[in-house]
Amino acid sequence: MAERAGSTKTYESKLPSETERIAAALAQRLAVGDVVTVSGELGTGKTTFVRGACRALGVEGPVTSPTFTVGHRYRARDGDVSHLDLYRFRGLSAAEWGDLEPYFDGAIVFVEWPEAGEGALPEARFAVRIEHRGGDARIVSIADADPRVRHGD
Ligand SMILES: Nc1ncnc2c1ncn2[C@@H]1O[C@H](COP(=O)(O)OP(=O)(O)OP(=O)(O)O)[C@@H](O)[C@H]1O
Ligand SMILES: [Mg+2]
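Each position in the sequence shown, counted from 1, maps to that position plus 22 in this note's numbering.
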């Protein structure tokens, strides 16, 4: 994992389980108040990544993409984990942010399709990007923001 503020680490994944393992390693570094954006084209494995992190944090039960609601909130070992998907959003109105804000309260937050929330969401502690490399191969890069970017401590 990234050791230095502002650094980016890149990993190769050849299987969904490898993407989950990369996510599990990142999860060890997260605390309540941290926001993690997860970007990448359709079907790259964003939800798979979030699932791996959630498992490592002690979330039990299914971790699936929020479809009929903007987010899920899971109970984990040391607090809550929120999982947002902004795929359907084009920017965020004040009312929409009002719906999202509770998910950021007292939780680690993963945001799929974060682009719509740019400038409106709290700054991310880590920015994950997943890219297709043919077949099941993926490149997973994790950019480490300044460690001071931590909310709610
Ligand atoms: N190396 C890999 N890492 C992650 N997922 C992989 C990999 N290889 C194959 N897959 C498969 O790709 C699919 C990724 O689905 P997933 O829902 O995680 O993607 P997503 O990026 O969240 O999609 P969406 O854009 O619809 O939100 C799964 O079926 C998963 O099994
Ligand atoms: Mg998804």
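No residue lacks a Cβ here, since even glycine has one placed at the ideal position from N, Cα and C. Bear in mind the structure is a predicted one, so any value in this text is a computation, not a measurement.
Relative to the C-alpha of L114, which residue among P144, I161, H154 and V54 is closest? The option with the nearest alpha carbon to L114 is P144.
Could you give the first and the last residue of the continuous alpha helix (DSSP H) run that contains K18? As shown, the chain starts at 23 and ends at 175. That puts residue 18 outside it, with no answer to give.
Spatial neighbours of L37 in its chain, beta-carbon cut-off 8 Å, leaving aside the 5 residues before and after: D158
Would you report the Cα separation of I152 and D56, rounded to the nearest angstrom? 19 Å
Using three-state DSSP, classify A142 as helix, strand or coil. coil
Sort out for me which residues DSSP pairs I130 with in a bridge. V103
Status (buried if at least 16 other CB within 10 Å, exposed otherwise) for R90: Inspection of the sequence shows that residue 90 is occupied by Phe rather than by Arg. F90 should be labelled exposed.
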